[in-house]
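Residue numbers for the sequence shown, in full-length UniProt numbering: 1 to 371.
The beta-carbon is built from N, C-alpha and C at its ideal position, and this holds for glycine as well.
Bear in mind the structure is a predicted one, so any value in this text is a computation, not a measurement.
Here is the structure we will look at.
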Amino acid sequence: MLHSITIENYKILKNIKLNLSNLTLVSGLNSMGKSSLIQVMLLLRQSFEQKVLTDRGLLLNGSYINVGKGKDALSIDAENEMFSFVLEWEDKKNLDISFNYKSKSNLQPINKLTPDKFDFSQALFSDNFQYLAAERTGPKNSYPVSEYDVKTLNSLGNNGEYTAHYLFENGAKQLLNKKLLHEKAKSATLLAQVDAWMSEITPGIKITANVIEDINQASLHYEFETGTGYTEKFRPENVGFGLTYVLPVVTSILASKKGDLIIIENPEAHLHPAGQSAVAKLMARAAQEGVQIIVETHSDHFLNGARIAVLTKLIEPENISLFYFFKQLNNIEHTIDMIQPFIDKNGRLDEWPEGFFDEWDKNLDKLLGHL
């Protein structure tokens with residue numbers, strides 16, 4: 001499990017170290033560096049996948065992310081023209097890597113790699129990895145099929161575009177993580193568990209995934225439980241947008257196993273508050289069982305779901321890290337500060353910084369002041 005990451009001179013992250021946990025929630029105002037943290041991990045992974053990381057350098061444009069050129073990545077106030085990253089794993093296998101700055105190139109040359117014989121077996125560089133971008137694939141008549149991504153990489157795609165194909169291929173398999181079994185599910189298969197957990201968002205939902213061989217495309221259909229059975233099948237375009245948008249999130253968590261690393265941006269998108277909280281509790285369960293999950297979120301409902309997960313002992317408080325990124329208005333440099341509130345065993349935070357999911361309280365005070 002990735003224990004910490006130190007970043008120097010990447011975008012707004014001039015010099016910052018984050019101690020990560022099983023479940024790490026990153027929040028903050030827009031353009032405060034949340035995405036930059038995730039980008040660093042994606043840059044390292046895509047450079048490794050393209051076999052350039054150790055001998056050529058950091059690839060800024062690739063299958064996970066397109067940053068541009070060196071001038072788009074270097075911190076404005078960098079004291080030296082070099083990107084430096086230190087990653088520490090709990091098994092004491094650390095990676096210290098830096099890259100020289102080339103302003104007009106999308107490949108930043110390798111400067112230092114310590115140790116020079118690093119084995120890159122950790123989840124960030126292996127098949128035990130899943131990234132789901134904020135912009136996920138929405139309702140469509142059909143979805144792409146990828147034998148390589150689904151069967152070899154065990155991946156849903158960066159945008160969840162292979163979720164339908166993944167469920168078709170793996171829906172009948174037994175869930176690996178028994179702690180994630182939903183008590184109301186009809187069986188322990190992946191698809192039955194997806195139905196049960198998705199029913200926390202939309203009650204009584206039943207999902208069917210197929211592959212249409214003639215056109216090499218996958219399809220999804222939804223049914224809804226009634227008093228006498230189920231409705232007819234509906235295409236994704238004819239139901240709420242949020243169902244299809246969150247399906248890759250739920251599927252990735254349920255398909256995970258101990259040692260996996262999952263990075264998800266804005267899992268709360270297009271979900272009602274109860275659904276956001278339910279997804280947070282599911283993630284907490286998986287994280288407690290050894291799946292490492294890093295989440296960028298703007299949702300107080302998601303945060304509160306994680307807090308309730310601690311209160312109800314779904315996850316130990318030491319297995320959750322919270323980070324709030326912000327900028328001091330009197331800071332003349334274009335850099336950010338960071339606060340790490342801690343959750344106690346009762347789900348309470350030891351501090352609640354200004355701007356940290358406090359908009360509801362501010363608005364309520366204004367409303368009450370005019371009654």
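Name the DSSP beta bridge partners of residue i, please?
i	result
S84	E8 and S98
A209	L220
L74	Y10
Q174	T189
Q340	Q340 pairs with nothing; no bridge assigned.
P144	Q217
V26	E296 and F323
Y230	E225
I110	F99
G57	P109
I16	I7
W89	L2
L349	I343
Let's see if you can read the secondary structure: which residues bound the alpha helix (DSSP H) around residue i?
i	result
H165	T163 to N170
K34	K34 to E49
V279	P273 to Q288
Q193	L190 to M198
G305	D300 to L311
Roughly how many angstroms lie between the CA atoms of residue i and residue j, to the nearest whole one?
i	j	result
R136	L95	31 Å
M1	I262	11 Å
V145	L190	19 Å
I308	K34	24 Å
G157	Y131	8 Å
D72	L124	24 Å
I110	D127	24 Å
K117	D55	12 Å
Q340	L58	29 Å
D344	A280	17 Å
S199	A188	15 Å
P273	L175	27 Å
I201	K151	28 Å
W352	K93	34 Å
D350	N15	25 Å
L167	M338	39 Å
Q122	T228	49 Å
F323	D214	48 Å
K173	V239	27 Å
I76	V67	15 Å
G28	I212	43 Å
A255	P248	10 Å
residue 412	L37	As shown, the chain starts at 1 and ends at 371. That puts residue 412 outside it, with no answer to give.
Output yes if chain D places a C-beta closer than 8 Å to the C-beta of residue i; else output no.
i	result
A286	No chain D appears in this structure, which consists of one protein chain only.
Should residue i be counted as a contact of the ligand COA given a C-beta to heavy atom distance under 7 Å?
i	result
K92	This structure lacks the ligand COA; in fact it carries no ligand of any kind.
Which residues in the same chain as residue i place their Cβ atom closer than 6 Å to its Cβ, once the five residues preceding and following it in sequence are excluded?
i	result
A185	A192, Q193 and A196
E223	K206, Y230, T231 and K233
H270	F241, G242 and Y245
A78	N9
R348	none
E237	P139
I293	L23, I262, M283 and A287
H221	T208 and K233
E90	M1 and H3
N106	L60, N61 and K69
Using a Cβ-Cβ cutoff of less than 7 Å, which residues in the same chain neighbour residue i once the five nearest sequence positions on both sides are dropped?
i	result
S4	K17, L18, N19, L20 and E88
residue 393	The requested residue 393 does not occur in the structure, where the chain is confined to residues 1 to 371.
G204	F224 and E225
N346	L311
N154	D127
G171	T189, L190, L191 and A209
F120	F48
K258	E289, G290 and V291
Q50	L59 and G62
N304	S277
Within a Cβ cutoff of 8 Å, which residues of the same chain sit near residue i, ignoring the five residues on either side of it in sequence?
i	result
N216	V145
V40	I5, I7, Y10, L13 and F85
S103	K69, G70, K71 and L74
M82	E8, N9, S98, F99, N100, Y101 and N111
A134	E265, N266, A269 and E296
L181	L175, A188 and Q193
A218	S142, Y143, P144, V145, Y162, A164, H165, F168, A209, N210, V211 and I212
Assuming residue i is part of the beta strand (DSSP E), what are its boundary residues?
i	result
V295	Q292 to E296
P248	Looking at the DSSP string, P248 is not in any beta strand (DSSP E); the run it does join, the alpha helix (DSSP H), is F241 to L254.
residue 387	Nothing about residue 387 can be reported from this structure: the residues present for the chain run from 1 to 371 only.
I264	L261 to E265
Y64	Taken as a continuous stretch (DSSP letters only), Y64 belongs to no beta strand (DSSP E), as it is neither H nor E.
L132	F129 to L132
Counting Cβ pairs, one atom from each stretch, are 3 or more of them under 8 Å apart for the region 285-302 and the region 313-323?
By the C-beta criterion, the region 285-302 is judged to be in contact with the region 313-323, since at least 3 inter-stretch pairs fall below 8 Å.
Take every Cβ of the region 263-270, pair it with every Cβ of the region 290-302, and state whether three or more of those distances are shorter than 8 Å.
Yes: the two stretches touch, three or more of their Cβ pairs being nearer than 8 Å.
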